[in-house]
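Protein chains: 2
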Amino acid sequence: MCQLLGMNCNVPTDICFSFTGFQARGGTTDTHRDGWGIAFFEGKGARLFLDHNPSCESPLAALVRHYPIRSLNVIAHIRKATQGRISLENTHPFSRELWGRYWIFAHNGNLTNYEPTLDGSFLPVGQTDSELAFCRLLQDLRQRFPAGMPPEEALHAAIDEFAAQTRRFGSFNFLLSNGDSLFAHRTTELHYIIRQAPFPVAHLMDEDMTVDFSEVTTPNDRVAVIVTKPLTDNETWHPLPVGRVTRFHNGAPVAWQPVKSPPSAEAR
Amino acid sequence: MCQLLGMNCNVPTDICFSFTGFQARGGTTDTHRDGWGIAFFEGKGARLFLDHNPSCESPLAALVRHYPIRSLNVIAHIRKATQGRISLENTHPFSRELWGRYWIFAHNGNLTNYEPTLDGSFLPVGQTDSELAFCRLLQDLRQRFPAGMPPEEALHAAIDEFAAQTRRFGSFNFLLSNGDSLFAHRTTELHYIIRQAPFPVAHLMDEDMTVDFSEVTTPNDRVAVIVTKPLTDNETWHPLPVGRVTRFHNGAPVAWQPVKSPPSAEAR
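Heads up: the sequence lines are chains C and H, in that order.
Using UniProt numbering, read the first sequence as starting at 1 and increasing by one per residue.
Using UniProt numbering, read the second sequence as starting at 1 and increasing by one per residue.
Right under this line is the structure:
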């Protein structure tokens, strides 16, 4: 299994503090030594740092920890391989372009006997169940909305439906972003916190490091952090609801009720 | 205009020396201050480092210069913006997946009145003529070879034909790789060198830096370096032929004569 870390904000924010605790789990305080990666959206562009070495030993991780990249949406992943060998092409997050936007995806879980039909529009480069699911998701989205990005509600419904179909094959915690919203899906373990004024002094579990967010933020800042296991030992983390996709936008979950959506391509 | 740097090798090789001279042109010895990027293939995986800050000031460029990433195929680019604002989404190289392989593309030049028809299978995220041409190239390739990657000769012919169609719109020096071969196309300026035993002592033009390649190689190593302007002042660089695509494989250009290829999708 792996661990996921995501951030969604209303103003571009750096993830140095949370990433410091998270990357320690890539071989120091935990056993996720089989590679790591992090993606930052900056406008419509995305920066993706991937390394198949343990994050605790990676000079690239040290750079990410110390070089503040401000972003509205970040997805990071540390890997403990289940399917697919330890190699760069099997390192999360994965990236593809759909509708002229980059999409970033990372998965924690294990899908078994998962053999979706692919039409060639998105094909996995590596051997993971995760990249396979990501390709199938994008194929479904393009098929359903051939004219381009639909309104956020319709997009949310389609991703929720895909998640429901796919979690039948196993554990399927994932983070997904198009740079605008961050979609989070939990089947086993995924927590979140909203940090906003009055900002806390937070202390990492995995390193003896404290940050007073009130010193590095403005009163209107709002940041959602989503992570497999809570990162701090003096804040209240909330478990994400199971069995539905949560969309984070501007640093908070968006209220949404699934409505009956049109049948999927496969069910038609 | 911009500058391009590519490397194609028969054994995984680091590009620290060449990149040191190249990145100095991103604001120190030359004026290409509008962002830079570099992509390394490692197996089927690719690492892409992008920065819209000048490479001479970038902590990321410093990391790439000092952290030897060994790769068979590398493409780097420093930008002086012609079309598209200075932003991450307009920073080369660009990356897409086709046939379950990553493709990396960087362009030096300027295409005017270039408005190819896109069917939506690959769409630009930014506003550059370069990313537009890359999307159209991949669309053409997928249309022509829907069953997957064709033999290298057929692939070479199709890319050569695309280059011929596209250079009618302006200067179109580009580097393209799928991790196996590196394709280079010159309309105005592009040079290459093959380094192999007996290896030279090379001295950079842009920094006072010398490397004795015989100390860091084995006798069977062969490395092709392709660059807009020669990087060293004591080696003989060759201009690439104009008006045809050269394919580099295992550190050398592959002999190839264009044969009459089937008509393109557009001409049918």
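Using N, Cα and C, we set each Cβ at its ideal position, and we do this for glycine too.
Note that this is a predicted model, so its numbers are computed, not measured.
- Between residue 44 of chain C and residue 85 of chain C, the beta carbon gap of about 33 angstroms keeps them out of contact (Cβ cut-off 8 angstroms).
- The three-state secondary structure of residue 190 of chain H, taken from DSSP, is coil.
- At a Cβ-Cβ threshold of 8 angstroms, residue 2 of chain H and residue 78 of chain H count as neighbours.
- Using a CB distance cut-off of 8 angstroms, residue 91 of chain H counts as an interface residue toward chain C.
- Taking each of C/226, C/146, C/125 in turn and checking the Cα distance to residue 5 of chain C, the smallest one comes out for C/226.
- Between residue 63 of chain C and chain H, the shortest Cβ-Cβ separation is below 8 angstroms.
- By the Cβ-count criterion, residue 239 of chain C is exposed, with fewer than 16 other Cβ atoms from all chains shown falling within 10 Å of its own Cβ.
- Remark: fewer than three beta-carbon pairs, one from each stretch, lie closer than 8 angstroms, so the segment 146-161 of chain C and the segment 138-145 of chain H are not flagged as touching.
- Rounded to the nearest angstrom, the Cβ distance from residue 186 of chain C to residue 242 of chain C is 6 angstroms, consistent with a contact under 8 angstroms.
- Residue pairing by DSSP places residue 83 of chain H in no beta bridge whatsoever.
- Here residue 197 of chain C is exposed. Its C-beta has fewer than 16 other C-beta atoms within 10 Å.
- Annotation: Cβ neighbours of residue 87 of chain H in chain C (cutoff 7 angstroms, chain order): 43, 45.
- Residue 143 of chain H: member of the alpha helix (DSSP H) spanning 129-144, first to last residue.
- Under the Cβ distance rule, residue 100 of chain H counts among the residues neighbouring chain C, one pair being separated by less than 8 angstroms.
- From the beta-carbon of residue 126 of chain H, the residues of chain C found nearer than 8 angstroms are 44, 45.
- By DSSP's assignment, residue 97 of chain H forms a beta bridge with H/102.
- Bounds of the alpha helix (DSSP H) holding residue 156 of chain H are 152-166.
- Per the DSSP secondary-structure output, residue 202 of chain H pairs in a beta bridge with H/211.
- Here residue 124 of chain H has 131, 132, 135 as same chain residues with Cβ atoms under 6 angstroms from its own Cβ, once five neighbours each way along the sequence are excluded.
- Using a CB distance cut-off of 8 angstroms, residue 59 of chain H counts as an interface residue toward chain C.
- Below 8 angstroms, too few C-beta pairs join the segment 9-27 of chain H and the segment 246-258 of chain C to call them touching: fewer than three.
- With a beta-carbon spacing of about 6 angstroms, residue 72 of chain C and residue 12 of chain C fall inside the 8 angstroms limit used to define contacts.
- Rounded to whole angstroms, the gap between the alpha carbons of residue 245 of chain C and residue 201 of chain H is 58 angstroms.
- Proximity of residue 97 of chain C to chain H, defined by a Cβ-Cβ separation below 8 angstroms, is satisfied.
- Residue 184 of chain H and residue 21 of chain H have their C-alpha atoms some 20 angstroms from each other.
- In the DSSP assignment, no residue is bridged to residue 33 of chain C.
- In this structure residue 50 of chain C is in contact with residue 91 of chain C, their Cβ atoms being roughly 5 angstroms apart against a cut-off of 8 angstroms.
- Only 120, 121, 122, 123, 124 from the segment 104-124 of chain C bring a Cβ to less than 8 angstroms from some Cβ of chain H.
- Of all alpha-carbon atoms in H/177, H/154, H/64, H/34, the one lying nearest the alpha-carbon of residue 103 of chain H is that of H/177.
- A residue is called buried once 16 or more other Cβ atoms fall within 10 Å of its Cβ, and residue 107 of chain C is buried on that count.
- For the options C/144, C/167, C/88, the alpha carbon positioned closest to that of residue 126 of chain C is the one of C/88.
- Counting C-beta atoms within 10 angstroms of its own C-beta, residue 254 of chain H has fewer than 16 neighbours from the protein chains shown and is therefore classed as exposed.
- Sixteen is the threshold: when 16 or more other Cβ atoms of the shown chains lie within 10 Å of the Cβ of residue 192 of chain H, as they do, the residue is buried.
- For residue 227 of chain H, the uninterrupted beta strand (DSSP E) segment begins and ends at 222-227.
- Remark: C-beta atoms of residue 105 of chain C and residue 116 of chain C do not approach each other more closely than 8 angstroms.
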